[in-house]
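Number of protein chains: 2
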Amino acid sequence: MNFYETDARRLALWVQYESSLREALEAWHRRTYWCAFPEEPKAYGEEVLAQGETAFKSQLNRPFERLRQPARRWLLSDEVSPYTREPLGISYPQVDVAEALYHAQEALSRWRWVPYTERIGLLMESIHRFSKHFSEVAQATMHTTGQAWMMAFQASGPHAADRAVEALAVAYEELSHIPPYVRWTRELGKGQAVIDKYFIPQPEGLSLHIGVSTFPVWNVLPGLYASLAVGSPVLMKPHPRAIYPIAVVVSILQSTFEEYGLPPTIVQLIPDTVAEPITKTLAEHPLIRIIDYTGSTEFGNYLESLPGKITFLEKAGVNGVLIESVEDMEAVAKNLAFSASLYSGQMCTAPQNIYIPREGIRTAQGILSYEEVVAALTKAIEDLASHPKAAPAVLGALQNEGVVQRIERLAQMASVRRAPQAYTHPQYAAARTLTPIVAEPSDESLTRTEHFGPRLLTIPVENAQRGLEVLYEIAREKGMLSCAIYTTDADFKQKAIRLLAEAAIPISFNYRGQVFINQSVAFSDFHGTGGNPAGNASFTDAAFVVKRFRWIGVRDCLQG
Amino acid sequence: MNFYETDARRLALWVQYESSLREALEAWHRRTYWCAFPEEPKAYGEEVLAQGETAFKSQLNRPFERLRQPARRWLLSDEVSPYTREPLGISYPQVDVAEALYHAQEALSRWRWVPYTERIGLLMESIHRFSKHFSEVAQATMHTTGQAWMMAFQASGPHAADRAVEALAVAYEELSHIPPYVRWTRELGKGQAVIDKYFIPQPEGLSLHIGVSTFPVWNVLPGLYASLAVGSPVLMKPHPRAIYPIAVVVSILQSTFEEYGLPPTIVQLIPDTVAEPITKTLAEHPLIRIIDYTGSTEFGNYLESLPGKITFLEKAGVNGVLIESVEDMEAVAKNLAFSASLYSGQMCTAPQNIYIPREGIRTAQGILSYEEVVAALTKAIEDLASHPKAAPAVLGALQNEGVVQRIERLAQMASVRRAPQAYTHPQYAAARTLTPIVAEPSDESLTRTEHFGPRLLTIPVENAQRGLEVLYEIAREKGMLSCAIYTTDADFKQKAIRLLAEAAIPISFNYRGQVFINQSVAFSDFHGTGGNPAGNASFTDAAFVVKRFRWIGVRDCLQG
Numbered sequence: 000m001n002f003y004e005t006d007a008r009r010l011a012l013w014v015q016y017e018s019s020l021r022e023a024l025e026a027w028h029r030r031t032y033w034c035a036f037p038e039e040p041k042a043y044g045e046e047v048l049a050q051g052e053t054a055f056k057s058q059l060n061r062p063f064e065r066l067r068q069p070a071r072r073w074l075l076s077d078e079v080s081p082y083t084r085e086p087l088g089i090s091y092p093q094v095d096v097a098e099a100l101y102h103a104q105e106a107l108s109r110w111r112w113v114p115y116t117e118r119i120g121l122l123m124e125s126i127h128r129f130s131k132h133f134s135e136v137a138q139a140t141m142h143t144t145g146q147a148w149m150m151a152f153q154a155s156g157p158h159a160a161d162r163a164v165e166a167l168a169v170a171y172e173e174l175s176h177i178p179p180y181v182r183w184t185r186e187l188g189k190g191q192a193v194i195d196k197y198f199i200p201q202p203e204g205l206s207l208h209i210g211v212s213t214f215p216v217w218n219v220l221p222g223l224y225a226s227l228a229v230g231s232p233v234l235m236k237p238h239p240r241a242i243y244p245i246a247v248v249v250s251i252l253q254s255t256f257e258e259y260g261l262p263p264t265i266v267q268l269i270p271d272t273v274a275e276p277i278t279k280t281l282a283e284h285p286l287i288r289i290i291d292y293t294g295s296t297e298f299g300n301y302l303e304s305l306p307g308k309i310t311f312l313e314k315a316g317v318n319g320v321l322i323e324s325v326e327d328m329e330a331v332a333k334n335l336a337f338s339a340s341l342y343s344g345q346m347c348t349a350p351q352n353i354y355i356p357r358e359g360i361r362t363a364q365g366i367l368s369y370e371e372v373v374a375a376l377t378k379a380i381e382d383l384a385s386h387p388k389a390a391p392a393v394l395g396a397l398q399n400e401g402v403v404q405r406i407e408r409l410a411q412m413a414s415v416r417r418a419p420q421a422y423t424h425p426q427y428a429a430a431r432t433l434t435p436i437v438a439e440p441s442d443e444s445l446t447r448t449e450h451f452g453p454r455l456l457t458i459p460v461e462n463a464q465r466g467l468e469v470l471y472e473i474a475r476e477k478g479m480l481s482c483a484i485y486t487t488d489a490d491f492k493q494k495a496i497r498l499l500a501e502a503a504i505p506i507s508f509n510y511r512g513q514v515f516i517n518q519s520v521a522f523s524d525f526h527g528t529g530g531n532p533a534g535n536a537s538f539t540d541a542a543f544v545v546k547r548f549r550w551i552g553v554r555d556c557l558q559g
Numbered sequence: 000m001n002f003y004e005t006d007a008r009r010l011a012l013w014v015q016y017e018s019s020l021r022e023a024l025e026a027w028h029r030r031t032y033w034c035a036f037p038e039e040p041k042a043y044g045e046e047v048l049a050q051g052e053t054a055f056k057s058q059l060n061r062p063f064e065r066l067r068q069p070a071r072r073w074l075l076s077d078e079v080s081p082y083t084r085e086p087l088g089i090s091y092p093q094v095d096v097a098e099a100l101y102h103a104q105e106a107l108s109r110w111r112w113v114p115y116t117e118r119i120g121l122l123m124e125s126i127h128r129f130s131k132h133f134s135e136v137a138q139a140t141m142h143t144t145g146q147a148w149m150m151a152f153q154a155s156g157p158h159a160a161d162r163a164v165e166a167l168a169v170a171y172e173e174l175s176h177i178p179p180y181v182r183w184t185r186e187l188g189k190g191q192a193v194i195d196k197y198f199i200p201q202p203e204g205l206s207l208h209i210g211v212s213t214f215p216v217w218n219v220l221p222g223l224y225a226s227l228a229v230g231s232p233v234l235m236k237p238h239p240r241a242i243y244p245i246a247v248v249v250s251i252l253q254s255t256f257e258e259y260g261l262p263p264t265i266v267q268l269i270p271d272t273v274a275e276p277i278t279k280t281l282a283e284h285p286l287i288r289i290i291d292y293t294g295s296t297e298f299g300n301y302l303e304s305l306p307g308k309i310t311f312l313e314k315a316g317v318n319g320v321l322i323e324s325v326e327d328m329e330a331v332a333k334n335l336a337f338s339a340s341l342y343s344g345q346m347c348t349a350p351q352n353i354y355i356p357r358e359g360i361r362t363a364q365g366i367l368s369y370e371e372v373v374a375a376l377t378k379a380i381e382d383l384a385s386h387p388k389a390a391p392a393v394l395g396a397l398q399n400e401g402v403v404q405r406i407e408r409l410a411q412m413a414s415v416r417r418a419p420q421a422y423t424h425p426q427y428a429a430a431r432t433l434t435p436i437v438a439e440p441s442d443e444s445l446t447r448t449e450h451f452g453p454r455l456l457t458i459p460v461e462n463a464q465r466g467l468e469v470l471y472e473i474a475r476e477k478g479m480l481s482c483a484i485y486t487t488d489a490d491f492k493q494k495a496i497r498l499l500a501e502a503a504i505p506i507s508f509n510y511r512g513q514v515f516i517n518q519s520v521a522f523s524d525f526h527g528t529g530g531n532p533a534g535n536a537s538f539t540d541a542a543f544v545v546k547r548f549r550w551i552g553v554r555d556c557l558q559g
């Protein structure tokens, strides 16, 4: 009995990609260093990088014509480059919500019956096609998010593609660990029962993906590919200020689907504007069953409260650092300064609250006082922020004016150790820039809010043990996507794990040198834990996939 | 670095049970016939069976003193035997909700840090100890639920134990597929980064398990063992009319925990009474994060609406049967009559609505009219209900008076083909009994409600295709835990799968002989799909386990 819609060309794609998918799955299990796509731009060739820049330039101030979805009108987007402060001038095809849902339902009736192997083969193909466009997407990301070019390339390119492959690998594992068919027999008193059993994975329904302005690709691809892998069409609703990067990905998926005999509307781009948002209309629609989202806690909580939805949310958190003891304070300060400065602190994993015992900390060179630690951190920030090459490469630009205002408000309410300042970008004179503030909050409530942007708050605590307790409390109350502990004491390390893991805090000990707490790498790290108020999901564990589909058991009794 | 609480004796248990757990896991993947515990009572020995009866008799009218949990007072239960109509007269230790939660939190702080292998070893040991008590639990089940002895033995004994082993096997798979520790290294420009990574599974929090009066053990063990396996202590709130069977299981778990150096309060029995229910107080408490429940749709929907809870719900449904064509109508009628009569239809998987084309059905002996099909069904029910040995063995007794009233109401509102009647139980003259009604509903709304109890509704439909559509609509609107289709037409079969799977209906084709649609067997069948309004969970897929815990990533940078 075959109720699936099979196709020889799609099957050939699966055969082509099966071994690399299995390799990815093995890496996911092993969790040592591995990647599907190298992160070094040079691996992709000078020519490809140059082509990307050309493609980007010729897309500016023109309609985005690469999508294969029905559209009623063209929507001029709110995208403005944080570097040039010029609108990108790109318009995108827009469709009514009701029509988009109609097309998605039509697509669902096809896509759900394509065997998962063929689906995964097609999706692997789309990722490989996407890899030819990393350079254009890097430009698009840079000029929508404000990321520096290298981060834009890596985060929206190879790192995102790796996370997509990871999602497919886990989906493959979960979809393949129940057989599609088995003949069940059992000896009974007088004869034998023979039952053919079919196990059919079916998606929970349609997916809505709500993008974010700071990481319009990296934060999207895991959920997008997880939903598609289990047979759920996706309505991709990007942030109105960061549409272009993900529009490229959607267009590649659409043309791949179309080329292989399937409706391109298995994924649709649903753009909106800041003035006329449509996210709530989409999210509340009963046909939408699965929602992926990155953004504010308030909107995340609203999504979580909608009845009958399966949500994968990344919300705000208050990331903490505790310095108990270190080998070398300068190395630690340098590492933390980099983490706080990277993309001007506009990362959900950037450190914010640095807890330092009032009694000072032990180092290889003796005790350092609280003030000395603060001074070391301030100096490291200053060194980076005033470095003419490092500043633009690391800090990039601010995505929007709100970040500037937020940090200025913080400066007014805290005791400032280092004032935030604009720096002059060597290439883009108009760039919206700001170097990190270092401040000691005068009011405890300031330490319980996320001040998304370039900032470090230094906070004295009675002692290191009390510091652990504060981290625990903040994580339980506000959530935490990253947490750094510096200690040379094995007992303290153990104590920290026992306490903080109970609040579902992901912990990084003694990060220094060339590794940073902001980074979570595919095939090895989860992104957060999904177990504290900063989010209910983490890329990519089994839960990230299995919540999206159901097993339908079909039993065919041949002999009873 | 070891932050777990390990113990050599517990580890020895794991070593003892590891191979049988792996065997169970292989069976779960293979999904051919397999069981951990044989279902034939004789496999357990005459003596053990007799001991069980003795234990049951000596427990009646006495306090249940086997629990190892703090208690303030003894609570006389509402349990009344559906066979003797006498109260069981058993009292159970009762504790305040606040105290129970306090003890559960204390237990959580230990249990979450016991390595999952040791946890699973201990839990396997508890199941094996439980198997020595199948006979007592069979008596306890019979005299609380009204099940006939054989069903009480199998459902509350080997079948439940198999489902518990299955939950442990899936938990083991999901907990072991991420390594507990790995050394991650990466060559960087000038040196090498070395990071030790630890992946720590942590439960979402405390579990509440809300039992049901008809299957007080079978419906509980999968969720109970899944929660315990991932490190979540469980507050076991049984149905006030069916405490005794699960109290035995809880007492065995408690003594096993205690014997192996752990708090017995890792699982606590929280009894209440019909007059003073405490379920809502428990369910709404913020410390309760995971809720397993079997029961009414109304209460299930209430639980689902509680913010911040992870729920595993089995609610009511309206199970449908469609007869399109058959080889042998008599064999089909006999099989359906048995399914409808088994435990007097008090199974969530019992058939209710039988759709028959007005134009009649094809059989090997020619066309049978609608009326002839109804007559065959009615005769099969009559034959079973009037059989002096079969009736008590199959029908058993009604759990409560509500079932009688419900079927009487139905009789008043429908066109009755066969009137429900009490039958005389040969052993228990006072037994609350009722043979099935066969009726044709005069009002369509009657077909959209579950009439939990001994009933079959015969419903004419325009044709078989329309029958499929009605099944689809009812499943979407009201939910369905089982669905039988009779057809000898391969095309119709395929069409049925394509349509019904989209409504997440589990389908059974052409059940006859010694296999019945009511039954779902561990290691092969899921229980429902969890994808329609009859429930959001199905024993035991990956989702049933992974929603209960989170991965906490700990990274220890040795060289940066």
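Just so you know, the protein sequences line up as chains B and R, in that order.
Numbering of the first sequence is given in numbering that gives the first Met the number 0, commencing with residue 0 and proceeding in unit increments.
Numbering of the second sequence is given in numbering that gives the first Met the number 0, commencing with residue 0 and proceeding in unit increments.
We put the beta carbon where it would ideally sit given N, CA and C, even for glycine.
Next on the checklist: My output table needs one value for B/Leu-305: the three-state DSSP class, helix, strand or coil.
Outcome noted: Mapped onto the first sequence, residue 305 of chain B falls at position 306. Three-state DSSP puts B/Leu-305 in coil, outside helix and strand.
Next on the checklist: Taking a contact to mean a Cβ-Cβ separation below 9 Å, would you say B/Asp-6 touches B/Glu-117 in this structure?
Outcome noted: Within the first sequence, numbered from 1, the residue matching residue 6 of chain B stands at position 7. Within the first sequence, numbered from 1, the residue matching residue 117 of chain B stands at position 118. In this structure, B/Glu-117 lies closer than 9 Å to B/Asp-6 by Cβ.
Checklist entry - If we call anything under 9 Å between Cβ atoms a contact, is R/Pro-532 one with R/Glu-476? => result The sequence position of residue 532 of chain R within the second sequence is 533, counting from 1. The sequence position of residue 476 of chain R within the second sequence is 477, counting from 1. Yes. Within cutoff.
Next on the checklist: Assuming B/His-238 and B/Val-211 are in contact, meaning their beta carbons sit under 8 Å apart, how far apart are those beta carbons, in whole angstroms?
Outcome noted: As a working mapping, residue 238 of chain B is identified with position 239 in the first sequence. As a working mapping, residue 211 of chain B is identified with position 212 in the first sequence. So it is a contact: roughly 6 Å between Cβ atoms.
Checklist entry - Hey, is the segment 412 to 430 of chain B in contact with the segment 73 to 87 of chain B, meaning 3+ C-beta pairs nearer than 8 Å? => result yes
Next on the checklist: I want to see whether chain B comes within less than 9 Å of R/Gln-146, judged by CB atoms only; does it?
Outcome noted: Start at 1 with the first residue of the second sequence, and residue 146 of chain R comes out as number 147. Chain B, which has no Cβ nearer than 9 Å to the Cβ of R/Gln-146, makes this no.
Next on the checklist: Any contact between the segment 464 to 471 of chain R and the segment 316 to 330 of chain R? By contact I mean 3 or more CB pairs, one from each, below 8 Å.
Outcome noted: yes
Checklist entry - DSSP state of B/Leu-455, grouped into three classes? => result Translated into the one-based positions of the first sequence, residue 455 of chain B becomes position 456. Looking at B/Leu-455 - three-state DSSP - the assignment turns out to be strand.
Checklist entry - Buried or exposed: which applies to R/Glu-165, given that a residue is buried once 16 or more other Cβ atoms fall within 10 Å of its Cβ? => result If you number the second sequence from 1, residue 165 of chain R lands on position 166. Classification of R/Glu-165: buried, given that the 10 Å Cβ count is 16 or more.
Checklist entry - Which residues bound the beta strand (DSSP E) around R/Tyr-180? => result Locating residue 180 of chain R in the second sequence gives position 181, counting from the first residue. Segment 180 to 186, the beta strand (DSSP E) holding R/Tyr-180.
Item to check | Outcome for R/Val-248 when other beta-carbon atoms lying within 10 angstroms are tallied against a minimum of 16 | outcome: Mapped onto the second sequence, residue 248 of chain R falls at position 249. Buried, by the Cβ-count rule.
Checklist entry - Rounded C-beta distance between B/Leu-409 and B/Ala-384? I'm assuming under 8 Å. => result Along the first sequence, read from residue 1 onward, the residue named residue 409 of chain B stands at position 410. Along the first sequence, read from residue 1 onward, the residue named residue 384 of chain B stands at position 385. With a Cβ gap of about 16 Å, B/Leu-409 and B/Ala-384 do not count as contacting.
Item to check | Length of the line joining the Cα atoms of B/Ala-54 and B/Gln-253 | outcome: Translated into the one-based positions of the first sequence, residue 54 of chain B becomes position 55. Translated into the one-based positions of the first sequence, residue 253 of chain B becomes position 254. One C-alpha to the other measures close to 19 Å.
Item to check | chain B contacts from the segment 77 to 103 of chain R (Cβ-Cβ distance under 8 Å) | outcome: none
Item to check | Cα-Cα separation, B/Asn-509 to B/Thr-348 | outcome: The residue labelled residue 509 of chain B in the question sits at position 510 within the first sequence. The residue labelled residue 348 of chain B in the question sits at position 349 within the first sequence. About 16 Å.
Checklist entry - Expressed to the nearest angstrom, what Euclidean distance is found between the alpha-carbon atoms of B/Asp-291 and B/Leu-220? => result Residue mapping note: residue 291 of chain B aligns to position 292 of the first sequence, counting from 1. Residue mapping note: residue 220 of chain B aligns to position 221 of the first sequence, counting from 1. Looking at the two C-alpha atoms, the distance is approximately 10 Å.
Checklist entry - Which one of B/Pro-62, B/Val-94 and B/Ser-507 has the shortest CA to CA distance from B/Arg-71? => result For the purposes of this step, residue 71 of chain B is taken as the residue at position 72 of the first sequence. Checking every option, the nearest Cα to that of B/Arg-71 belongs to B/Val-94.
Item to check | B/Phe-36 versus B/Leu-433, B/Met-328, B/Lys-131 and B/Tyr-197, residue with shortest Cα-Cα distance | outcome: The residue labelled residue 36 of chain B in the question sits at position 37 within the first sequence. B/Phe-36 has its Cα closest to that of B/Lys-131, out of B/Leu-433, B/Met-328, B/Lys-131 and B/Tyr-197.
Item to check | Neighbourhood of B/Pro-391 by C-beta, 7 Å cutoff - its chain only, sequence neighbours within 5 removed | outcome: For the purposes of this step, residue 391 of chain B is identified with residue 392 of the first sequence, where counting begins at 1. Counting only Cβ-Cβ distances below 7 Å, and skipping sequence neighbours, we find Ala-147, His-424 and Pro-425.
Checklist entry - For a contact meaning CB atoms closer than 8 Å, what does B/His-158 contact in chain R? => result The residue labelled residue 158 of chain B in the question sits at position 159 within the first sequence. None at all; the shortest Cβ gap to chain R is about 14 Å.
Checklist entry - According to a CB-to-CB cut-off of less than 7 Å, which residues of the segment 509 to 520 of chain B neighbour chain R? => result Asn-509, Tyr-510, Arg-511, Gly-512, Gln-513 and Val-514
Next on the checklist: Quick check on DSSP: helix, strand or coil for B/Gly-230?
Outcome noted: Position 231 of the first sequence, counting from 1, holds the residue named residue 230 of chain B. B/Gly-230: coil per DSSP, three-state reduction.
Next on the checklist: Below 8 Å, how does it come out for the segment 510 to 524 of chain R and the segment 326 to 345 of chain R: are there three or more Cβ pairs, yes or no?
Outcome noted: yes
Next on the checklist: Checking 9 Å against the spacing of the C-beta atoms, do B/Ile-560 and R/Ala-503 come in under that value?
Outcome noted: There is simply no residue 560 of chain B to check, as chain B begins at 0 and stops at 559 in what is shown.
Checklist entry - Considering only residues of the same chain and omitting the five flanking positions on each side of B/Cys-34, which have a CB-CB separation below 6 Å? => result Against the first sequence, residue 34 of chain B aligns to sequence position 35. Around B/Cys-34: Asp-161.
Item to check | Length at least 4, wholly inside the segment 67 to 142 of chain R: the alpha helix (DSSP H) runs in chain order | outcome: 96 to 110 and 115 to 130
Checklist entry - Run through DSSP, which three-state label would R/Thr-539 get? => result The residue given as residue 539 of chain R occupies position 540 in the second sequence. R/Thr-539: coil per DSSP, three-state reduction.
Next on the checklist: DSSP three-state label for B/Asp-327, please.
Outcome noted: Residue numbering aside, residue 327 of chain B sits at position 328 when the first sequence is read from its first letter. Three-state DSSP puts B/Asp-327 in coil, outside helix and strand.
Checklist entry - In chain B, what lies closer than 7 Å to R/Thr-116 by C-beta? => result Counting from one through the second sequence, the residue named residue 116 of chain R turns up at place 117. Correct list: empty, because the minimum Cβ distance to chain B is about 17 Å.
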